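In this note's numbering, the protein residues as written are 42 to 383. These notes are about the structure you will find just below.
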């Protein structure tokens with residue numbers, strides 16, 4: 042598989058410029074230069090920086106300087122510590138992955154789509170001069186599989202708009218179903234040599250998101266283990282999440298478990314990327330803090346071995362907070378082990 046050189050082992054800066062309060066105190070203090078230094082010392086070669094449009098645009102779509110200031114700051118720190126950066130548009134006007142049920146208008150409204158495309162033109166105009174260390178991630182987690190054709194058209198148009206400003210910047214494109222490994226095959230054929238296919242991997246979802254208060258139907262006290270057979274995770278998913286995430290598990294032998302199960306879940310995406318000669322990037326993966334740490338560490342160990350086998354670049358979710366923070370107190374005893382696995 043082609044390599045995504047310079048972006049092979051990374052960490053997300055989730056919760057800083059996205060899914061946050063947007064207050065100045067938070068923006069000034071949540072991530073500092075010292076955090077970038079720590080990430081470098083953990084052995085990472087890049088960060089993925091999620092940014093919400095609300096920090097980049099006013100309500101009418103005109104540019105807003107706030108978010109650009111912090112992107113510039115992060116880019117400067119990354120330069121200083123020899124880290125690369127994936128600039129991820131986490132939410133755009135009219136579309137947010139965590140409010141997807143209310144965002145169907147984005148895929149029907151030409152004005153909202155034009156705002157998305159115009160925003161990428163502004164980002165490309167500002168950061169397209171740094172293809173050696175800044176890559177672009179078009180939009181985080183398209184949820185609805187029925188909008189595949191519309192999303193492919195938009196992604197293709199976005200690539201075209203960006204290429205007016207930069208020919209060499211890597212552009213990341215994900216599929217539907219939350220950047221699922223199952224929808225890589227539905228992503229547009231790469232329009233040029235600087236395209237990367239992006240996936241997110243949180244399988245089995247019932248394990249990585251156990252007790253997540255934001256998950257529909259998920260009891261906050263629900264706990265499970267790793268590894269368990271696929272059949273057991275399927276049974277738990279059907280019981281707890283009312284089949285919302287069980288379809289992917291139902292495709293495999295119920296006795297599969299551990300690394301064998303994760304590889305079965307992941308390998309189709311790797312095979313598609315190999316066939317199309319496109320680098321593959323896992324922009325998010327991780328285990329919620331409520332899972333027992335020994336189970337979490339076992340999961341990280343297995344998924345990292347699969348990334349290594351298939352030559353997959355990746356960025357763990359996430360550096361701090363968000364119930365997934367690698368450096369949070371609950372990971373104190375395993376943080377150094379996680380860092381070695383990156």
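For every residue, glycine included, the Cβ atom is placed at its ideal position computed from N, Cα and C. Only a predicted model underlies this, so the values are computations on that prediction, with no experimental measurement involved.
Three-state secondary structure assigned by DSSP to residue i
i: residue 313; result: helix
i: residue 346; result: helix
i: residue 308; result: helix
i: residue 147; result: helix
i: residue 280; result: helix
i: residue 49; result: coil
i: residue 129; result: strand
i: residue 157; result: helix
Start-to-end residues for the beta strand (DSSP E) that takes in residue i
i: residue 116; result: First-last for residue 116: 106–121, but that is the alpha helix (DSSP H), not the beta strand (DSSP E).
i: residue 80; result: No beta strand (DSSP E) holds residue 80; the alpha helix (DSSP H) holding it covers 74–82.
i: residue 240; result: 236–242
i: residue 326; result: 321–326
i: residue 355; result: 354–357
Endpoints, alpha helix (DSSP H) assigned at residue i
i: residue 248; result: 246–249
i: residue 218; result: 217–220
i: residue 370; result: Run containing residue 370: none; DSSP gives neither H nor E here.
i: residue 67; result: 65–70
i: residue 227; result: Here residue 227 belongs to no alpha helix (DSSP H), and DSSP marks it neither H nor E.
Cα-Cα separation, residue i to residue j
i: residue 116; j: residue 126; result: 7 Å
i: residue 139; j: residue 129; result: 15 Å
i: residue 376; j: residue 341; result: 11 Å
i: residue 74; j: residue 250; result: 30 Å
i: residue 123; j: residue 77; result: 10 Å
i: residue 268; j: residue 258; result: 23 Å
i: residue 163; j: residue 298; result: 46 Å
i: residue 216; j: residue 159; result: 21 Å
i: residue 359; j: residue 108; result: 20 Å
i: residue 114; j: residue 92; result: 13 Å
i: residue 48; j: residue 186; result: 28 Å
i: residue 201; j: residue 236; result: 12 Å
i: residue 221; j: residue 184; result: 9 Å
i: residue 382; j: residue 374; result: 14 Å
i: residue 62; j: residue 363; result: 13 Å
i: residue 339; j: residue 264; result: 16 Å
Residue nearest to residue i in terms of C-alpha spacing, selected from the options
i: residue 207; options: 157, 161, 148; result: 161
i: residue 445; options: 324, 109, 227; result: With the chain running from 42 to 383 in the structure shown, residue 445 is simply not present.
i: residue 270; options: 240, 262, 301; result: 301
i: residue 241; options: 272, 180, 97; result: 180
i: residue 54; options: 90, 45, 42; result: 90
i: residue 204; options: 220, 169, 224; result: 169
Inter-stretch contact (C-beta, 8 Å, three-pair minimum) for the stretch 219–233 and the stretch 299–317
By the Cβ criterion, the stretch 219–233 is in contact with the stretch 299–317, since at least three pairs of Cβ atoms, one from each stretch, lie closer than 8 Å.
Would you be able to state if there are at least three C-beta pairs under 8 Å between the stretch 246–262 and the stretch 297–310?
no
Pair every Cβ in the stretch 150–167 with every Cβ in the stretch 96–109, then say whether three or more of these pairs are closer than 8 Å.
yes
Is it true that the stretch 350–367 meets the stretch 79–90, where meeting means three or more beta-carbon pairs spaced less than 8 Å apart?
In short, these stretches touch, since the Cβ pair count reaches three.
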